[in-house]
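Number of protein chains: 2
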Amino acid sequence: MTQFKPTERTQVRRLPARASYDSETVYPILDEGFICHVGFVVDGQPYVIPTAYGRAGDVLYIHGSSASRMLRTLTEGADVCVTVTLLDGLVLARAAFHHSMNYRSVVILGRAKVIEGREEKLRALEILTEHIVRGRWKDVRHPTDLELKATTVLALPLAEVSAKIRTGPPKDDEEDYQLSIWAGVLPLPVTPSAPIADPRLTEGIETPSYVRNYFR
Amino acid sequence: MTQFKPTERTQVRRLPARASYDSETVYPILDEGFICHVGFVVDGQPYVIPTAYGRAGDVLYIHGSSASRMLRTLTEGADVCVTVTLLDGLVLARAAFHHSMNYRSVVILGRAKVIEGREEKLRALEILTEHIVRGRWKDVRHPTDLELKATTVLALPLAEVSAKIRTGPPKDDEEDYQLSIWAGVLPLPVTPSAPIADPRLTEGIETPSYVRNYFR
Numbered sequence: 365m366t367q368f369k370p371t372e373r374t375q376v377r378r379l380p381a382r383a384s385y386d387s388e389t390v391y392p393i394l395d396e397g398f399i400c401h402v403g404f405v406v407d408g409q410p411y412v413i414p415t416a417y418g419r420a421g422d423v424l425y426i427h428g429s430s431a432s433r434m435l436r437t438l439t440e441g442a443d444v445c446v447t448v449t450l451l452d453g454l455v456l457a458r459a460a461f462h463h464s465m466n467y468r469s470v471v472i473l474g475r476a477k478v479i480e481g482r483e484e485k486l487r488a489l490e491i492l493t494e495h496i497v498r499g500r501w502k503d504v505r506h507p508t509d510l511e512l513k514a515t516t517v518l519a520l521p522l523a524e525v526s527a528k529i530r531t532g533p534p535k536d537d538e539e540d541y542q543l544s545i546w547a548g549v550l551p552l553p554v555t556p557s558a559p560i561a562d563p564r565l566t567e568g569i570e571t572p573s574y575v576r577n578y579f580r
Numbered sequence: 365m366t367q368f369k370p371t372e373r374t375q376v377r378r379l380p381a382r383a384s385y386d387s388e389t390v391y392p393i394l395d396e397g398f399i400c401h402v403g404f405v406v407d408g409q410p411y412v413i414p415t416a417y418g419r420a421g422d423v424l425y426i427h428g429s430s431a432s433r434m435l436r437t438l439t440e441g442a443d444v445c446v447t448v449t450l451l452d453g454l455v456l457a458r459a460a461f462h463h464s465m466n467y468r469s470v471v472i473l474g475r476a477k478v479i480e481g482r483e484e485k486l487r488a489l490e491i492l493t494e495h496i497v498r499g500r501w502k503d504v505r506h507p508t509d510l511e512l513k514a515t516t517v518l519a520l521p522l523a524e525v526s527a528k529i530r531t532g533p534p535k536d537d538e539e540d541y542q543l544s545i546w547a548g549v550l551p552l553p554v555t556p557s558a559p560i561a562d563p564r565l566t567e568g569i570e571t572p573s574y575v576r577n578y579f580r
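Heads up: the sequence lines are chains A and Y, in that order.
Add 364 to a position in the first sequence, counting from 1, and you land on the number used in this note's numbering.
Add 364 to a position in the second sequence, counting from 1, and you land on the number used in this note's numbering.
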């Protein structure tokens, strides 16, 4: 287990009891999610862009078109914040004030490095693909040199990291528990529905088990 | 319908065919979601924090503890980016390069204003609560003056806004369609499961229909 050192920037001040700074808490959240929100600054203006990611060890990989503003900015070594949020459910308290959500989130600060070498780049793309659909990489047509060139792959070290988690029932003020108001949690899981085959799929190709039995 | 004017900052440059700038596209995305990622800058460092929101007309409301760094920063009139992302499914192409996701996202830039008046603040909290669970506000114990004081409510004008949407099957290179590789879309809807009553719920209180039949 890695114990991340909380910094002035990652220390959770609001509801610190919800905070964690160790890899045993952080990595399962990162491994269950696959969409992050990337924050970066251009001319003083923050931007927040959703994108896919993958994790291996203490590195988070993101990728995209070399032409995108986000990738260009991060390639230049800009300060970045990557946030992953898993929403688990709505928390309905008796008091409006105590309504909340159950969630698990991770905030990563740092600067990304460009993955340059062909083999390292391919390996990072494999990690990204497998992070999202385990079992997929061996089946697909791998990137050509041209495709590799059009793709920027970035590695963000998992060093300045915090997690924040809320679980469990609502917490109302003691005097409100007697009120005749329903309270509880509405779980909101992401549940895969039936795969939709490409209309141009060649006849006779079966849906792979990693798609049929997809779960996170 | 409002036509938002794309600015230098909101104009989508990557895959511009996926972009929209009108309220008929943007508002349904904002109304289906209820978690946004708020980007702001402190000492040059971007931060991205997930939080709940509500919308009414051309205003997005967010709220939180007056003590939080995010709320304090935004209260000071900092430039903000609020992003809402709805993930619809995984897009599995024949080529690794063409793997993608179906999503609908909205990016809002601007500066938030603090809601000061008691009535206006209560109204904004009602909008926030109803945005997340329609029908809830009439049932709950409303905020006290002390609770109102502890809560900062911000209004962000929906003016500098863009949406980006991907739908439909994978798009492979023409020569790859003949490959014996399964391709298609795996839908990943958020599906409410059975509500979990608070263990301290007074006996005889029924689960409200807006919880039993929750959908977005």
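All C-beta atoms, glycine included, are put in the ideal place defined by N, C-alpha and C.
These figures come from a predicted structure and were not determined experimentally.
{"Query": "Opposing strand residues paired with A:A383 [DSSP bridges]", "Result": "A:K528"}
{"Query": "Same chain only: Cβ atoms within 8 Å of Y:L456, ignoring 5 sequence neighbours per side", "Result": "H463, P534, W546, A547, G548, V549, L550"}
{"Query": "Short Cβ contact (8 Å threshold) for Y:T437 with A:P414", "Result": "no"}
{"Query": "First and last residue of the uninterrupted beta strand (DSSP E) at Y:V575", "Result": "Where Y:V575 is concerned, there is no enclosing beta strand (DSSP E), although the alpha helix (DSSP H) it sits in stretches over 573 to 576."}
{"Query": "Cut-off 7 Å between Cβ atoms - residues of its own chain near A:A459, not counting five sequence neighbours on either side", "Result": "D536, D537, D540"}
{"Query": "Any 3 or more C-beta pairs closer than 8 Å across the stretch 483 to 494 of chain Y and the stretch 408 to 426 of chain Y", "Result": "yes"}
{"Query": "7 Å CB neighbourhood of Y:S395 in its chain, flanking five on each side removed", "Result": "Residue identity check: residue 395 of chain Y is Asp in the sequence provided, not Ser. Cβ within range, chain order: R419."}
{"Query": "Which of helix, strand or coil DSSP assigns to A:R580", "Result": "coil"}
{"Query": "Partners in chain Y for A:D395, counting only beta-carbon separations shorter than 8 Å", "Result": "None at all; the shortest Cβ gap to chain Y is about 16 Å."}
{"Query": "Continuous beta strand (DSSP E) stretch holding Y:T449: start and end", "Result": "444 to 456"}
{"Query": "Meets three-Cβ-pair contact criterion under 8 Å: the stretch 382 to 390 of chain Y and the stretch 571 to 580 of chain Y", "Result": "no"}
{"Query": "Beta carbon proximity, Y:A547 to chain A, threshold 8 Å", "Result": "yes"}
{"Query": "Beta-carbon gap between Y:L473 and Y:L552 smaller than 8 Å", "Result": "no"}
{"Query": "Cα-Cα separation, Y:S429 to Y:K513", "Result": "9 Å"}
{"Query": "Residue of A:R433, A:T371, A:T366 minimising C-alpha distance to Y:E372", "Result": "A:R433"}
{"Query": "Contacts of A:H506 in chain Y (Cβ-Cβ under 7 Å)", "Result": "A460"}
{"Query": "8 Å Cβ cut-off: residues of chain Y touching A:T447", "Result": "H401, V412, I413, P414"}
{"Query": "Start-to-end residues for the alpha helix (DSSP H) that takes in Y:R436", "Result": "433 to 439"}
{"Query": "Nearest-angstrom Cα separation, counted from Y:V497 out to Y:D503", "Result": "11 Å"}
{"Query": "Per-residue burial, A:L510 [other beta carbons within 10 Å of its own, 16 or more giving buried]", "Result": "exposed"}
{"Query": "Three-state secondary structure (DSSP) of Y:T389", "Result": "helix"}
{"Query": "Contact check, Y:V423 vs Y:L520, beta carbons under 8 Å", "Result": "yes"}
{"Query": "Contact under 8 Å by Cβ, A:V470 with A:T516", "Result": "no"}
{"Query": "Interface flag, A:V497 vs chain Y, CB-CB below 8 Å", "Result": "yes"}
{"Query": "Exposed unless 16 or more other CB atoms sit within 10 angstroms - verdict on A:P380", "Result": "exposed"}
{"Query": "Inter-residue Cα distance where the pair is A:I399 and Y:G499", "Result": "31 Å"}
{"Query": "Interface partners of A:A431 on chain Y, CB under 8 Å", "Result": "R377, R378"}
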